[in-house]
Every structure is written in structure tokens, then in C-alpha cells.
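First the structure, in the form of C-alpha cells, and then the observations on it.
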Amino acid sequence: MSCDDNQAQAAVAVIGLGQMGTRLAQAFLAGGYSTTVWNRSPAKAEALAAQGATRAATVNEAVATSALIVVSLPDYATVRTVLGPAAGQLRGRTLVNLSSGTPQDAAEAAEWAAGHGAAYLDGAAMSGTRLVGRPEALFVLSGSRSAFDRHEAVLRSLGNSVHLGGDPALAPVYDTALFGLAWGALAGFYHSLALVRSAGVDPAEFGAVATAHMPFVTSLMADHARQADKGVFPDDDGTVEVHRAAIEHLADTSETQGIGTQVPALFRSLLQQAADDGHGASGIASVIEAIAKGRRDA
Numbered sequence: 017m018s019c020d021d022n023q024a025q026a027a028v029a030v031i032g033l034g035q036m037g038t039r040l041a042q043a044f045l046a047g048g049y050s051t052t053v054w055n056r057s058p059a060k061a062e063a064l065a066a067q068g069a070t071r072a073a074t075v076n077e078a079v080a081t082s083a084l085i086v087v088s089l090p091d092y093a094t095v096r097t098v099l100g101p102a103a104g105q106l107r108g109r110t111l112v113n114l115s116s117g118t119p120q121d122a123a124e125a126a127e128w129a130a131g132h133g134a135a136y137l138d139g140a141a142m143s144g145t146r147l148v149g150r151p152e153a154l155f156v157l158s159g160s161r162s163a164f165d166r167h168e169a170v171l172r173s174l175g176n177s178v179h180l181g182g183d184p185a186l187a188p189v190y191d192t193a194l195f196g197l198a199w200g201a202l203a204g205f206y207h208s209l210a211l212v213r214s215a216g217v218d219p220a221e222f223g224a225v226a227t228a229h230m231p232f233v234t235s236l237m238a239d240h241a242r243q244a245d246k247g248v249f250p251d252d253d254g255t256v257e258v259h260r261a262a263i264e265h266l267a268d269t270s271e272t273q274g275i276g277t278q279v280p281a282l283f284r285s286l287l288q289q290a291a292d293d294g295h296g297a298s299g300i301a302s303v304i305e306a307i308a309k310g311r312r313d314a
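Going by the working numbering, the sequence shown opens with residue 17, and the numbers climb by one from there.
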């Protein structure tokens, strides 16, 4: 029987109850959805059962009772190992895989799911576990659009669930790109925090000012993305040479204050490459060309 024909089935099953999987199940329960849970270590399901979840005795049972299967496991190989015994029961269901991996992993997982008759969505939780279940928690998903539309209401109980397109490999591309963005921003923040602390500034006070500054930074991202798309880099936000001079000040001040210069050294090298490529008088967003050229030359 197709899972869609069984009206008694749970709305969603969560397989893998680590920190993320537990938060996913709690968000589904908070959204009012019947939720079945399963984990290789059964004890992890006990607290969720006390909150209203149904504990499945086996992975086969979890899959059999749910039209939507959400998997949160360490990697794609583990997903296939765990779901292997229940692969024959996947037909007609939707598999949402929130495990970490590469675009190639996602493509292979989608092919594996299709081979067992399941619709497939690859995804990533971009806001960690802290925000799961809140509107600002970002989940990126790619793969079957019809499956996303069919289960969108359930998935939106996790937060802002965004469908990126039909290629399942898009989600891990976004996952790694956004992870790099977050780390780049945090690295700049950590350096800035070390710098102001060296001058006796209260970290919390600086954090408040830095947070107020971020809307300007994010506005630059949107504008510079458009510039990169057109390949035209006006100097409204300063030229590469202007920013090189500012980075020198940052590096010099950091050295004077006795803190590390790894972060400004990275900025300096990128600006130097952009200048060497003839973009000294171009807008700062032309640094993207230097980074992209590095990829082509690799």
C-alpha cells in the first residue's frame, strides 16, 4: 500500500536523535504534527516520548508509519546503512536528508532514494540547533519540488524552509557556502573583538555596536552580488586601493596592540591579488574576480 493511502500514518518520522534530530522532533511536535522517532540508541527517544512522540521499535516501523521521513545522521554513508533494512518500504514516501556531505553525496543519495521509489529532498539546517522551530531558523532544501510542496506546511514548523531548486546537489553547495560566509564574518568579528579588548573596551559594548553595524554590511552583500553577476564594479563603496590602505592600518594597529594579524593578512593578500589583476581602481567587490581566478588557475 502506498503510504499516502494510509490515513492512520504519522505525519513525520525523525530518524537520528542527536542534538539536531531531537530539536527537529520537538519542533514537529510543537507544530502539532504526529511524530514518530527512532534512534539506534533507544534511550534517546525516551524524553521525546514523554513529550508526545511515538517511539518506533525499529527503523522499519518508523518508515512504515510515516509519509515524511526526516533523517539527521552524521553522514550520507550512515544514512544508507541505517535506512538499508527499510529501503523496501520507502516507495511512495518522501525522504528529507539533513545530513552533512558534498554535492556528489547528495546526487548519489537522490539516485538511491529514486531507486527505491521515494521522493528526495536534500537539506541543511543553517542556524544550528538553537533556533530550530522559530521563524528565523533557516533550512535550505533542494530536490523534488512536488515533494516540498506536499510537505511544506510540516517542514515550515522547523523554521524558514526554503526550496532552492530541483537539483539535490544545491543544498550542500549552499550549506558549505553559507558556512564559509558565517566563518568569514565570525573571523572578522573575533579579530575585531580582540582588537578592542586590547584597548580596554568592554566586549559586550562592542558587540552591541557591531550588531548595529551589520545591516549596512548585509546591504553590501546584496548590492555586491548584483555587481558580481554583471561583472561591473563601481567604486561607490571604495576602490581596492582605498581598502588596501585601510587594511594596512588594521594590520599596523593590530601589531601595535600585540594581537594576531592572521585575519588582516588574508584580507591584504586578496586585495593585493585584485590589484595585481588590474582592479586597483575598481570597486571592492572586484575581489570576487581574484578569488574566482584562483579557482580557474588551480
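Ideal placement from N, C-alpha and C gives every residue a C-beta, glycine not left out.
Give the range of the beta strand (DSSP E) segment to which residue i is assigned.
i	result
T333	Residue 333 is absent from the model: the chain starts at 17 and stops at 314.
A10	Only positions 17 to 314 of the chain appear in the structure, and residue 10 is not among them; the question remains open.
V178	176-179
S285	Counting along the chain, S285 falls outside any beta strand (DSSP E), though it belongs to the alpha helix (DSSP H) covering 278-290.
D138	135-141
By Cβ distance, which residues of its chain are closer than 6 Å to residue i, with the 5 residues on each side in sequence left out?
i	result
T52	A26, A29, T70, A72, A78, T81, S82
At what residues does the alpha helix (DSSP H) containing residue i begin and finish?
i	result
I263	256-273
H167	161-171
L202	186-214
L40	35-46
L99	92-99
Less than 7 Å between C-beta atoms, sequence neighbours within five positions excluded: which residues of the same chain meet that for residue i?
i	result
L236	D253
P101	V75, N76
According to DSSP, is residue i part of a helix, a strand, or is it coil?
i	result
S18	Caution applies to S18, whose pLDDT of 45 falls short of 50 and renders its modelled position unreliable; the value that the coordinates give is listed next. S18: coil per DSSP, three-state reduction.
R150	coil
H295	helix
H240	helix
T70	strand
A314	A caution first: A314 carries a pLDDT of 43, below 50, which makes its placement in the model unreliable, though a value can still be read off. A314 falls in the coil class under three-state DSSP.
D121	helix
S82	strand
Exposed or buried, which one is residue i when buried takes at least 16 other CB atoms within 10 Å?
i	result
Y206	exposed
G32	buried
V217	exposed
F164	buried
T110	buried
A10	As displayed, the chain neither begins before 17 nor continues past 314, which places residue 10 out of reach and without an answer.
Take residue i and list the residues in its own chain whose beta-carbon comes closer than 8 Å to its own, dropping the five residues that flank it on each side.
i	result
R39	T145, V148, G149
P184	A122, A123, A125, A126, Y136, L137, D138, S158, G159
R96	A125, W128
T255	G296, A297, S298, G299, I300
Would the C-beta of residue i count as close to the ligand FAD, meaning under 7 Å from any of its heavy atoms?
i	result
A73	With respect to small molecules bound, the structure shown includes none, and the ligand FAD cannot be examined in it.
Count the CB pairs spanning the region 239-249 and the region 300-307 that are closer than 8 Å, and state whether there are at least three.
Yes, the region 239-249 touches the region 300-307.
Inspect the CB distances between the region 209-225 and the region 169-187 and report whether three or more fall short of 8 Å.
Contact between the region 209-225 and the region 169-187 is absent: fewer than 3 CB-CB pairs across the two stretches fall below 8 Å.
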